[in-house]
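Please read the structure below before turning to the comments.
Residue numbers (the working numbering): 18 to 284.
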């Protein structure tokens, strides 16, 4: 690495600190947010080898740096984390886009979603998504239990199933785990189908998969509450039962990706 590379690294580090600490409201849920810091090390590991090409005094297009500046201003004006995170991506690509060898550029480009997920914009900017996750999951659980033949009434995110009150509260929104789930999903998709066009097609599918996993988790908690009581469902089962459902969903995701991989190898 040349001295200018260390300058870029220092600038990116300073910008990442700004993006993280511009809005510190995530501190109240630090134990849920901090795991997303694994995204950048994961990107570095999956992106190896990082081979730099020999260059002269070339400089990245000034237009990209201007775009990054506009995104930073936009984030500050709108009080949003996502534009600032996008600005970090643009600056990072300004550096990587002219320093990496062509083969490495393509590989790192596919890993940029991991870099974007390394900042807490889901928690800070998308609280409405959490509410939608809760409401849609409550509606799904209501319809499923009604179809089975149970007596169910719903008011917003409050359910009454066979006389048992169940509240799909904020802890059941799945928002805290959503970004971590997306990071794991992007990494899994890259490892299995990262070298095919199916990679970009599969990435948007991670969002409905995360919703399905969260809905299945809420459904399992409801079943546990009706079977063994609310204390059991909201105690040990709430943590470990929910984790088991997420593991099953990732197993299904892995199976789907492996199926695509086998089809690609035959074609």
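Note that CB positions come from ideal geometry on N, CA and C, so glycine has one too.
DSSP places residue 172 inside the beta strand (DSSP E), whose first and last residues are 169-172. Each residue's CA atom was taken as its position, placing residue 146 and residue 242 some 26 Å apart. Secondary structure of residue 69 (DSSP, three-state): strand. Secondary structure note for residue 175: its beta strand (DSSP E) is the uninterrupted segment 175-178. By the Cβ rule, the stretch 95-112 does not count as touching the stretch 156-170, because fewer than three pairs are nearer than 8 Å. Residue 100 carries a helical assignment under DSSP once its states are collapsed to helix, strand and coil. By the CB criterion at 7 Å, residue 178 and residue 185 fall outside the cutoff. Using a 10 angstroms sphere on the CB of residue 197, the tally of other CB atoms reaches 16 or more, which defines it as buried. The continuous alpha helix (DSSP H) containing residue 165 extends over residues 144-165. Note that the C-beta distance between residue 40 and residue 141 is below 7 Å.
Judged by DSSP in its simplified three-state form, residue 184 adopts strand. The Cβ-Cβ distance between residue 91 and residue 103 does not fall below 7 Å. Taking a contact to require three or more Cβ pairs closer than 8 Å, the stretch 146-155 and the stretch 122-136 do not qualify as touching. When beta bridges are read from the DSSP output, residue 198 appears opposite no residue.
In the three-state reduction of the DSSP assignment, residue 117 falls in the strand class, which pools E and B. The stretch 104-113 and the stretch 29-39 touch, with three or more beta-carbon pairs separated by less than 8 Å.
For residue 232, the uninterrupted alpha helix (DSSP H) segment begins and ends at 223-245. By a beta-carbon distance limit of 8 Å, residue 207 contacts residue 63. Their separation comes to about 6 Å. Taking C-alpha positions only, residue 99 is separated from residue 136 by approximately 8 Å.
Nearest C-alpha to residue 85 among 203, 54, 29 and 118: 29.
Each of 60, 65, 237 and 152 was checked against the Cα of residue 130, and the nearest Cα belongs to 60.
If you draw a straight line from the Cα of residue 238 to the Cα of residue 55, it comes to about 29 Å.
Taking C-beta atoms as the reference points, residue 139 and residue 195 count as a pair closer than 7 Å. Straight across, the Cα-Cα distance linking residue 20 with residue 27 is about 11 Å. In the same chain as residue 163, and ignoring 5 residues on each side of it, the C-beta atoms closer than 7 Å to its own belong to 169, in chain order.
The Cβ atoms of residue 223 and residue 134 do not sit closer than 7 Å to each other. A residue is called buried when at least 16 other Cβ atoms come within 10 angstroms of its Cβ; residue 38 does not meet this threshold and is exposed. In chain order, 210 and 215 place their CB closer than 6 Å to the CB of residue 277, counting only its own chain and leaving out the 5 sequence neighbours on each side.
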